[in-house]
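See below for the structure under consideration.
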Amino acid sequence: MTLAHYLAVGSVLFCIGLYGALVRKNFIVILMSIELMLNAVNINLVAFSRFLDHASYDGQIFALFIMIIAASEAAVGLAILLAIFRNTGVIETDSARSMKG
Amino acid sequence: MSEALLKDILGWGTALVVLGAAVRMIFNKNVMHSAVYFAVSLVGTAGLFFLMYAEFVGISQLLVYAGAVVVLVLLAVMASTKTYQEMEITRGGQTWGAAVGVVVLALFMIYLSFKTVWNSSGLKPYTSVDGGDISPIGKGILIDYVLAFELASFVLLGALIGAIVLTREEPEDRL
Chain A
34 MTLAHYLAVG SVLFCIGLYG ALVRKNFIVI LMSIELMLNA VNINLVAFSR
84 FLDHASYDGQ IFALFIMIIA ASEAAVGLAI LLAIFRNTGV IETDSARSMK
134 G
Chain B
302 MSEALLKDIL GWGTALVVLG AAVRMIFNKN VMHSAVYFAV SLVGTAGLFF
352 LMYAEFVGIS QLLVYAGAVV VLVLLAVMAS TKTYQEMEIT RGGQTWGAAV
402 GVVVLALFMI YLSFKTVWNS SGLKPYTSVD GGDISPIGKG ILIDYVLAFE
452 LASFVLLGAL IGAIVLTREE PEDRL
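Protein chains in written order, with the numbering used here: chain A, 34 to 134; chain B, 302 to 476.
Structure representation (structure tokens):
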């Protein structure tokens, strides 16, 4: 598999995650789709680092930083989900309409 | 069979697992099933990292994503889903437009990936590195990009404090 194949896999995974984030109503599935998009970017970065840049490991280090940020964002997003669920009782995104409270 | 053919078969198989699990994650009524397919997709991505000889990133993917994020998602699913919710899974009215747009974007990016002339002629062939990749990554994190590393640890601290504050229950006797 050449670089173009790995980039194609990353692109398709990104588009799958984008579709899930746009279309689904369940907040947890939206969060998981965002994590899929970040994963696809990681695949692209590591592929670039491994195929085009043999001297340094910048792509892999960047992928590690993205992993750190994505994990912390998932934690805060799920904390927000639990807070919303405690207040309203449902986890549809369409039901969190009011800015009150 | 030759090593290149074996690597190709493994690569396409892992890519199929990743993409197939991602598609099944999205088109699923049951959130728990979606979480399990999400975990399968993450483990497949770790396999892709190992195939690219990026062992440290692959192990970090398994530890952080397939270990911690999946457990977090399952915790949120079990803490917030009362029954099997038989609701409409999509937001309705926008699914076809989103599908067309996403397919066009995917085809465009695939076309760009295969059409670009990647200038990799002057490099060594694509094999694994002697001694692994942990030492150069460690030097890169702690010498070249140490500011980004420290800022990432601050982001983690902020996320930790934020998650604790958001999920804290107020004591009943505090007015």
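Ideal placement from N, C-alpha and C gives every residue a C-beta, glycine not left out.
Source: prediction; values computed, not measured.
Item, Value
"Hey, out of B:Met-333, B:Leu-408, B:Ala-305, whose CA is closest to Ala-377 (chain B)'s CA?", "B:Met-333"
"Identify every run of the beta strand (DSSP E) within the segment 322-361 of chain B, keeping only runs that are complete inside it and at least 3 residues long; order them along the chain.", "none"
"Can you tell me whether Glu-68 (chain A) is buried or exposed? The criterion is at least 16 other CB atoms within 10 Å of its CB, across all chains shown.", "buried"
"Which two residues bound the contiguous alpha helix (DSSP H) that contains Gln-93 (chain A)?", "91-121"
"According to the neighbour-count rule (16 or more other Cβ atoms, all chains shown, within 10 Å of its Cβ), is Leu-46 (chain A) buried or exposed?", "buried"
"Can you have a look at Asn-6 (chain A) and say buried or exposed, based on whether 16 or more other CB atoms are within 10 angstroms of its CB?", "Here chain A has residues from 34 to 134 only, and residue 6 (chain A) is not among them."
"Using three-state DSSP, classify Arg-83 (chain A) as helix, strand or coil.", "helix"
"Using C-beta distances below 8 angstroms, list every residue in its chain close to Leu-352 (chain B), excluding the 5 sequence neighbours before and after it, in chain order.", "Lys-308, Leu-311, Gly-312, Thr-315"
"So which residues of chain B does Ile-76 (chain A) contact, with C-beta pairs closer than 9 angstroms?", "Val-319, Thr-346, Leu-349, Phe-350, Met-353"
"Beta-carbon within less than 8 angstroms of Val-371 (chain B)'s beta-carbon, same chain only, minus the 5 sequence neighbours each way: which residues are those?", "Ala-336, Phe-339, Ala-340, Leu-343"
"Is the CB-CB distance between Tyr-39 (chain A) and Ile-327 (chain B) below 8 angstroms?", "no"
"Does the segment 94-111 of chain A come close enough to the segment 408-416 of chain B to have 3 or more Cβ pairs within less than 8 angstroms?", "no"
"Step through the CB atoms of chain B and report whether any lies within less than 8 angstroms of the CB of Met-70 (chain A).", "no"
"Any idea if Asn-84 (chain A) is buried or exposed, counting beta-carbon neighbours within 10 angstroms, 16 or more meaning buried?", "Residue identity differs from the one stated: residue 84 (chain A) is Phe in this sequence, not Asn. Result: buried."
"Using the beta-carbon count (16 or more within 10 Å), is Leu-64 (chain A) buried or exposed?", "buried"
"Please classify Ala-88 (chain A): does DSSP put it in a helix, a strand, or coil?", "coil"
"Three-state secondary structure (DSSP) at Asn-75 (chain A)?", "helix"
"Please state the DSSP three-state secondary structure of Glu-471 (chain B).", "coil"
"Return the CA-CA distance between Ala-460 (chain B) and Ala-305 (chain B), expressed in angstroms with no decimal places.", "43 angstroms"
"So which residues on chain A does Val-456 (chain B) lean against when the C-beta distance must stay under 8 angstroms?", "Ile-101, Ile-102, Ser-105"
"For Ile-435 (chain B), which residues of its own chain have a beta-carbon under 7 angstroms away from its beta-carbon, when the five flanking residues on both sides are left out?", "Phe-357"
"Measure the alpha-carbon distance for Met-70 (chain A) versus Leu-406 (chain B) and round it to whole angstroms.", "14 angstroms"
"If you draw a straight line from the C-alpha of Val-401 (chain B) to the C-alpha of Leu-408 (chain B), how long is it?", "11 angstroms"
"In its own chain, which residues sit with a C-beta less than 6 angstroms from the C-beta of Ala-73 (chain A), not counting the 5 before and 5 after it?", "Gly-43, Leu-46, Phe-47"
"Report the three-state DSSP secondary structure of Ser-44 (chain A) (helix, strand or coil).", "helix"
"Alpha carbon to alpha carbon, how far is Gly-110 (chain A) from Met-410 (chain B)? Give it in angstroms, no decimals.", "29 angstroms"
"So, at 8 angstroms on beta carbons, what are the nonlocal neighbours of Ile-76 (chain A) in its own chain, with the 5 sequence-adjacent residues on each side left out?", "Tyr-39, Val-42, Gly-43, Leu-46"
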